[in-house]
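Q: Numbering (UniProt numbering), first residue to last: 1 to 306.
Here is the structure:
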């Protein structure tokens, strides 16, 4: 009985000692874990503070960039508004010019209808119209250069600021409208040139006491060795042009009958037959033609009398 009690006591003492040792180990682990957590917490706190400082610096940089962007945007906006105002003025000028051209076109049509009755006056007006057409071509060339410059400037501003792309699209539409107007004015110029050409062809040979020729091309033509002939029935009358005579592009030369007294010889504008006369009346058919130095017929007209 005593031995059993002694063994039971030793067993309890051994169990109590084992529990105390396990408790000490658990507390040491908890302490180590707490130290580890404290270290990690300190690292987290330092990281948060550093991120807050970085965030303040980034906010300061963003504010600086925002101010710079607003200033640059204001400058670009002012520049665009000036360019837009210039474009509006240009459109107004082109509209006025278009109206003036339309008035000139109507006037030219009215003058063309009266051309056959007023040949001399129409010749002077045609030369004046050609001068205006050349001036219009120069002005249209300048407008084209300005249109291209506007298009280039619009594209450059589109690259500088995406916010201006919508406005640049409106400017591109204006450029297209200007190009269409330029094409319309070009068609008007071509129409006037065609009318002028028709009138010149009608005026090249006439039935008065002289023959008038016009160089319809823009290049000078040498008349050396050229001959102007008129055949009436079986008789042929001819005029040999002076050696070295050159007729400039768009210019005219008139060969007068020898019996015209109030005309003085002034090559190449005015020439006169030595003794012969141009026959422009009678009941016989008349044929007038111009031959070059090789005998080729350059221009020819036949009048048949019935």
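Glycine is no exception: its CB is placed at the ideal position from the N, C-alpha and C atoms.
Give me the residue from 285, 97, 136, 266 with the minimum Cα distance to residue 190.
A: What you label residue 190 is simply residue 190 of the chain shown in a count that begins at 1. Ranking the options by Cα distance to residue 190, first place goes to 136.
Q: Out of 274, 80, 88, point me to the one whose CA is closest to residue 178's CA.
A: For this step, residue 178 is matched to residue 178 along the chain shown. Ranking the options by Cα distance to residue 178, first place goes to 88.
Q: For the stretch 268 to 276 against the stretch 228 to 247, do three or more pairs of beta-carbon atoms, one drawn from each stretch, fall closer than 8 Å, so that the two count as touching?
A: In short, these stretches touch, since the Cβ pair count reaches three.
Q: By DSSP, does residue 235 sit in helix, in strand, or in coil?
A: Taking the chain shown and counting its residues from 1, one reaches residue 235 at position 235. It is a strand residue.
Q: Here's the rule: buried if 16 or more other CB atoms are within 10 angstroms of the residue's CB, otherwise exposed. What is residue 147?
A: Along the chain shown, one-based indexing puts residue 147 at 147. Buried, because 16 or more other Cβ atoms sit within 10 Å of the Cβ of residue 147.
Q: Tell me whether residue 214 sits in a helix, a strand or coil according to DSSP, three-state version.
A: Along the chain shown, one-based indexing puts residue 214 at 214. Note: residue 214 maps to strand in three-state DSSP.
Q: Does the contact criterion of 3 or more C-beta pairs under 8 Å hold for the stretch 75 to 90 versus the stretch 124 to 141?
A: Judged by Cβ distances under 8 Å, the stretch 75 to 90 makes no contact with the stretch 124 to 141, as fewer than three pairs qualify.
Q: Would you give the residue range spanned by the beta strand (DSSP E) that residue 255 belongs to?
A: The count along the chain shown starts at 1 and reaches residue 255 at position 255. Looking at the DSSP string, the run of the beta strand (DSSP E) that includes residue 255 is 252 to 256.
Q: Among residues of its own chain, excluding the 5 on either side of residue 264, which ones have a beta-carbon nearer than 8 Å to its beta-carbon?
A: Here residue 264 refers to the residue found at position 264 of the chain shown. Closer than 8 Å at the Cβ level, and outside the excluded window around residue 264, lie 270.
Q: Do residue 243 and residue 224 have their C-beta atoms closer together than 8 Å?
A: In the chain shown, counting from the first residue as 1, residue 243 sits at position 243. In the chain shown, counting from the first residue as 1, residue 224 sits at position 224. Yes, they are a contact pair.
Q: Give me the DSSP bridge partner(s) of residue 293.
A: The residue given as residue 293 occupies position 293 in the chain shown. None; residue 293 has no bridge partner.
Q: With distances taken Cα to Cα, identify the nearest neighbour of residue 257 among 230, 234, 55.
A: Position 257 of the chain shown holds residue 257. The shortest Cα separation from residue 257 among 230, 234, 55 belongs to 230.
Q: Residue 261 lies in the beta strand (DSSP E); which residues open and close that run?
A: Taking the first residue of the chain shown as 1, we reach residue 261 at position 261. Premise fails: residue 261 is in no beta strand (DSSP E) and is neither H nor E.
Q: In terms of alpha-carbon separation, which member of 24, 28, 254 lies closest to residue 120?
A: Here residue 120 corresponds to residue number 120 of the chain shown, with the count starting at 1. Out of 24, 28, 254, 254 has the C-alpha closest to the C-alpha of residue 120.
Q: Is it true that the CB of residue 115 sits closer than 8 Å to the CB of residue 122?
A: Here residue 122 refers to the residue found at position 122 when the chain shown is read from its first residue. Here residue 115 refers to the residue found at position 115 when the chain shown is read from its first residue. Yes, the Cβ-Cβ distance between residue 122 and residue 115 is below 8 Å.
Q: Going by alpha carbons, who is nearest to residue 168 out of 154, 103, 118, 160?
A: For the purposes of this step, residue 168 is taken as the residue at position 168 of the chain shown. Here the closest residue by C-alpha is 154.
Q: Looking at the secondary structure, which residues open and close the beta strand (DSSP E) in which residue 272 lies?
A: Counting from one through the chain shown, the residue named residue 272 turns up at place 272. Residue 272 -> beta strand (DSSP E) spans 270 to 272.
Q: Taking a contact to mean a Cβ-Cβ separation below 8 Å, would you say residue 227 touches residue 286 in this structure?
A: Within the chain shown, numbered from 1, the residue matching residue 227 stands at position 227. Within the chain shown, numbered from 1, the residue matching residue 286 stands at position 286. Not closer than 8 Å, so no.
Q: By how many angstroms is the C-alpha of residue 24 removed from the C-alpha of residue 41?
A: For the purposes of this step, residue 41 is identified with residue 41 of the chain shown, where counting begins at 1. For the purposes of this step, residue 24 is identified with residue 24 of the chain shown, where counting begins at 1. If you take the alpha carbons of residue 41 and residue 24, they lie about 26 Å apart.
Q: Distance, Cα to Cα, residue 99 vs residue 108?
A: In the chain shown, residue 99 corresponds to position 99, counting from 1. In the chain shown, residue 108 corresponds to position 108, counting from 1. If you take the alpha carbons of residue 99 and residue 108, they lie about 14 Å apart.
Q: Can you tell me the Cα-Cα spacing of residue 84 and residue 172, whole angstroms?
A: On the chain shown, position 84 is the one that residue 84 refers to. On the chain shown, position 172 is the one that residue 172 refers to. If I take the Cα positions, the gap works out to 11 Å.
Q: Ignore the nearest five residues each way along the sequence and tell me which others in residue 204's own chain have a CB closer than 8 Å to its CB.
A: Start at 1 with the first residue of the chain shown, and residue 204 comes out as number 204. Confidence is the limiting factor: at residue 204 the pLDDT is only 43, short of 50, which leaves the residue's position unreliable, though a coordinate-based value still follows. Excluding sequence neighbours, residue 204 sits near 212, 213, 214, 299, 301.
Q: Assuming the contact rule is C-beta atoms closer than 8 Å, residue 101 and residue 185 should be a hit. Round their C-beta distance to whole Å, please.
A: Here residue 101 corresponds to residue number 101 of the chain shown, with the count starting at 1. Here residue 185 corresponds to residue number 185 of the chain shown, with the count starting at 1. Contact flag correct, Cβ pair sits at about 6 Å.
Q: Which of helix, strand or coil does DSSP assign to residue 114?
A: Here residue 114 is taken as the residue at index 114 of the chain shown, counted from 1. The answer is coil: DSSP assigns residue 114 none of H, G, I, E or B.
Q: Is residue 37 buried or exposed, if buried means 16 or more other CB atoms sit within 10 Å of its CB?
A: Residue 37 sits at position 37 when you count from the first residue of the chain shown. Exposed is the call here.
Q: For residue 245, tell me which candidate among 288, 90, 293, 277 has the shortest Cα-Cα distance.
A: By 1-based counting over the chain shown, the position of residue 245 is 245. When each option's Cα is compared against that of residue 245, the closest is 293.
Q: Quick check: what's the CA-CA separation for residue 174 versus residue 150?
A: Counted from its first residue, the chain shown places residue 174 at position 174. Counted from its first residue, the chain shown places residue 150 at position 150. Each residue's alpha carbon lies about 10 Å from the other.
Q: How would you label residue 288, buried or exposed, when you count the other beta carbons within 10 angstroms and need 16 or more for buried?
A: By 1-based counting over the chain shown, the position of residue 288 is 288. By the neighbour-count rule (16 or more Cβ atoms within 10 Å), residue 288 is buried.
Q: Inspect the beta-carbon positions of residue 259 and residue 277 and report whether they are closer than 8 Å.
A: In the chain shown, residue 259 corresponds to position 259, counting from 1. In the chain shown, residue 277 corresponds to position 277, counting from 1. Yes, the Cβ-Cβ distance between residue 259 and residue 277 is below 8 Å.
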